[in-house]
Amino acid sequence: MPVIEVDHLTKEYRLGALQSFKQTLLNTGRRLIGKPVAERPLFKALDDVSFSIEQGEVVGIIGHNGAGKSTLLKMLARISTPTSGSVKVNGRIAPLIEVGAGFVPDFTGRENVYLNGAILGMSRTEIDRKFDEIVDFAEMAEFIDTPVKRYSSGMQVKLAFAVATSVESEILIVDEVLAVGDIGFQRKCLSRMEGMINSGGRTVLIVGHNIRQLERICTRMLLLKHGRLDSDDQPGKVSKRFLDETTLHPEHGEKNAGLNPNVATGDIEVESIQILSNETVEGTPLCRLFADLQIQIRLKVLHTQSNVEINFGLHNPEMVFMTKSSTSLVEKEVPLSAGTYVVDITIPKLSLCPGTYGIGLAIYDWMRRPLWAGNRLGWLALESPAGIHPLLPQSTLTYLPTDWIVTQSNTLANPIAETTSSS
Amino acid sequence: MTGLIRNLFQYRELVCVLAWKNVTLRYKQAYLGIAWAILKPVTLMLIFTLVKTFVGIESGDVPYPILVFAALMPWTFFQESASEGVSSVVSNTALIKKIYFPREIFPLTSVLTKLVELCISIFILAGLMLWYGMVPTAHIVWAPLIIGYTILASLTIAFVGAAINVYYRDVGQALPVVLSLLMYASPVIYPLQLVKDKLLLQQAAGEWSNALYTFYTLNPLAGIIDAFQNVVLRGLPPDFGAMVPGAILIAVLLPLSYLYFKRAESYFADVI
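Residue numbers (this note's numbering), protein chains in the order written: chain A, 1307 to 1729; chain B, 874 to 1145.
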């Protein structure tokens, strides 16, 4: 039996401000005498969404801003009611819609733990039992009797997270709370979340923008797009689809056809960066995993440079550079006198994870002062050759180009069981 | 209505914790702490006693200050729990938008908070009775029931008011004005006996007198205040005649008020 069943769920909001009392009265009067009423336009935050979740699944919900993720969580947590369709939930829900909801600044940490625990549905004895563990996890023993208004925001969030995650429930709903505290605490949170997920078959729903993190903890992913359920599949597939889409059809109108450098002193101009590929997907050059990637850059040097360093790199849609290379590694000196140049770069056996990548390029002079530099100078789509994809291990950013040799070094005298191996 | 009682039982700890929060929060960082709770009834008592020296108000055989204090106790409790109840949902916007529990928790918590403050007043009342050498009779067992009835009267206003207040904040603005007017229509400054004598004995409004008295007692506070004074100070049983019209009104309106609240509840998070 599914733990959560969402059936043709639709939620509409009226755009614009709430009507005044006078307007409401007037409209009621108009309706009574059968005259048309000026209705405010409707906005579909969720549009006919259906899915069901079994016990123990860890489901990530992703999508761009305003796709309906939080609205969906609100429906599941019963905070808001659907316009049409239904939501069925079997089990106790602990909603972490936002950690620290209901924290009172004037109360001490201790008082807030009890208050927040009660709000999240814990009994007093339950909180008593877990109190030390909560304080311990939040690293707050020293400050627990200080009013929360004197805490730093990081301290507040740490305490709130510790309380919220100690609720015992069958279903856990999490909205963007993994990004709390410093790196050390984030790692701690993540391992606590993973611990909660792995023990006791809890069902977890997580909304977030940290796609890689979600990919790691989830067993399934839902992609919402303008209120509709766009895809519902394995985390790797859905996140790739989402990232590819946001790169190829950016929501924020930054589709960058031109070369927009961050730095350009005017000494060198980059005229074009071309990916030499025969295939394209939706206008973006397509490359294959483990195939050679060839890139051609055309430069115009206006002022002669005695020695330059050219750096080339590939970054993912989240602007993290996956890999870089530099001329300083291979050549002793690259002198450029005024004129035009063609730079050919070959990357043998490209072994990045399938997805979309942006090109970054930087040119420095002999003092290592930047002459020309920029990111997102072009995009390339990387796909695995047909047939290989199901064999690739998931949840990684790059693949090691590996040679494997498996040799038998000895034989067991009494094999425990016959093992068959395919040759 | 059974849903209300079941929820109340299931979420009793939360109601208590939230009430504890309200009480503690209000007097946190205040040197005098919860003693402030008695400030309002005591000040009003002093003012009314002062006024009484200019305008003669017949208070029977009970000293006027204690009579007016005993009236102010249920009145202040009613007034404050109703108005706090009405604003309770809106003032908890952060919780409403983030987490679910039955929304009637908020008005209920407000009433419970004010009940705690009422208990503080009881000590003052006991002190006054000691001062005037008054001894309560067995009829004092009615007092908790009368307070219980006052709770129902406050909730009648709190539920419907809180729900409408989410859509139109006008309610929160208008209620204090309406309630302060209602105080003059309730036997706070003057005893109910005065109204009773005027209308029922002297028939001051002619043939309308009896109807007018029934209309006056339709205000549940008329019966409540008089009954509270009777059982605590006068050593008499409650005057049920003065309570019936108000009680019928509450019995009809409370379920309606609660149903309206429950119907509006599911849109609180969207509208608030």
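Every residue gets a Cβ at the ideal spot worked out from N, C-alpha and C, and that includes glycine.
Could you name the residues of the segment 1375 to 1395 of chain A whose beta carbon sits closer than 9 Å to any beta carbon of chain B, in the order they occur along the chain? Lys1380, Ala1383, Arg1384, Ile1385, Ser1386, Thr1387
By the criterion of Cβ-Cβ separation under 7 Å, what are the contact partners of Ser961/B in chain A? Neighbours of Ser961/B on chain A: none; closest Cβ ~14 Å, over 7 Å.
Straight-line CA distance for Arg1534/A to Gln1462/A? 35 Å
Please decide whether Val1480/A counts as near chain B, where near means a Cβ-Cβ distance under 9 Å. no
Pick out whichever of Ala1470/A, Val1587/A, Arg1384/A has its Cα sitting closest to the Cα of Phe1409/A. Ala1470/A
Below 8 Å on the Cβ atoms is my contact criterion, and I expect Pro975/B with Tyr1040/B to pass it. Report the Cβ-Cβ distance as a whole number of Å. The Cβ separation is near 19 Å, so there is no contact.
Whole angstroms is fine: what's the gap from Asn1396/A's alpha carbon to Ile1145/B's? 28 Å
So, does the segment 895 to 912 of chain B touch the segment 923 to 943 of chain B, judging by three or more C-beta pairs under 8 Å? no
For Leu1706/A, which three-state DSSP category applies? coil
If I measure Cβ to Cβ from Leu1071/B and keep anything under 7 Å in the same chain, skipping five residues before and after, which residues do I get? Rather than Leu, the amino acid found at residue 1071/B in this sequence is Lys. Result list for Lys1071/B: Ala1077, in chain order.
Buried versus exposed, by CB contacts within 10 Å (16 or more), Asp1550/A: buried
Under the rule that 16 or more other beta-carbon atoms within 10 Å means buried, what is Thr1590/A, buried or exposed? Buried.
DSSP puts Lys1317/A in a beta bridge; with which residues? Leu1352/A
Met1307/A CB to nearest chain B CB: under 9 Å? Output row for Met1307/A: interface = no.
Burial state of Lys1561/A, where buried means 16 or more other Cβ atoms lie within 10 Å: Bear in mind that a pLDDT of 49 at Lys1561/A, under 50, signals an unreliable position, so the number given afterwards is only what the model happens to contain. An exposed status is given to Lys1561/A, since fewer than 16 other beta-carbon atoms sit within 10 Å of its beta-carbon.
Could you say which of Ile1030/B, Val941/B, Val962/B lies nearest to Leu923/B if we only look at CA atoms? If we check each option's Cα against that of Leu923/B, Val941/B comes out closest.
C-alpha gap between Asp978/B and Leu1126/B, whole angstroms: In the sequence as displayed, the identity of residue 978/B is Ile instead of Asp. If I take the Cα positions, the gap works out to 19 Å.
What residues in the segment 876 to 894 of chain B have a beta carbon less than 7 Å from any beta carbon of chain A? Using a CB distance below 7 Å, the part of the segment 876 to 894 of chain B facing chain A consists of Glu886, Leu887, Val890, Lys894, ordered along the chain.
Please state whether the Cβ-Cβ distance between Val1355/A and Val1312/A is less than 9 Å. Between Val1355/A and Val1312/A, the gap from beta carbon to beta carbon is short of 9 Å.
Are the C-beta of Phe1134/B and some C-beta of chain A separated by less than 9 Å? no
Flag Leu1599/A as yes when its Cβ comes closer than 8 Å to any non-hydrogen atom of the ligand HEM, and as no otherwise. Annotation note on the ligand HEM: not contained in the displayed structure, which lists no ligands.
For chain A, find out if any of its Cβ atoms is closer than 9 Å to the Cβ of Ile969/B; answer yes or no. yes
Under 8 Å (Cβ pairs) to chain B, residues found in the segment 1405 to 1429 of chain A: Ala1407, Gly1408, Val1410, Asp1412, Phe1413, Glu1417, Tyr1420, Leu1421, Ala1424, Ile1425, Leu1426, Gly1427, Ser1429
Helix, strand or coil, according to DSSP, for Val1312/A in the structure here? strand
So Ile1512/A packs on Ser1545/A, CB below 8 Å; how close in whole Å? The C-beta distance from Ile1512/A to Ser1545/A rounds to 13 Å, too long to fall under 8 Å, and the pair is not in contact.
Say whether chain A places a C-beta atom closer than 9 Å to the C-beta of Ser983/B. no
Does any residue of chain A have a CB that is nearer than 9 Å to the CB of Ala1035/B? no
Reduced DSSP category for Met1527/A - H, G, I as helix; E, B as strand; rest coil: strand
Going along chain D in order, which residues have a C-beta closer than 9 Å to the C-beta of Phe1327/A? Included in the structure are the protein chains A and B, with no chain D among them.
Based on Cα-Cα distance, which residue from Ile1440/A, Glu1318/A, Cys1495/A lies nearest to Ala1351/A? The option with the nearest alpha carbon to Ala1351/A is Glu1318/A.
Nonlocal neighbours in the same chain, by C-beta distance under 8 Å from Ala1120/B, ignoring five residues either side: Cβ neighbours of Ala1120/B beyond the five flanking positions: Tyr1022, Pro1093, Gly1096.
Assign Pro1696/A to one of two classes, buried (16 or more other C-beta atoms within 10 Å of its C-beta) or exposed (fewer than that). exposed
Report buried or exposed for Glu1500/A, applying the criterion of at least 16 other Cβ atoms within 10 angstroms of its Cβ. Looking at its Cβ environment, which holds fewer than 16 other Cβ atoms inside 10 Å, Glu1500/A is exposed.
Tyr1319/A versus chain B: which residues are under 8 Å apart at the beta carbon? Asp1143
If you check the beta carbons only, do Val1441/A and Val1473/A fall under 9 Å apart? no
Own chain, CB closer than 6 Å to Gln1600/A, minus 5 neighbours either side, in chain order: Leu1582, Thr1652
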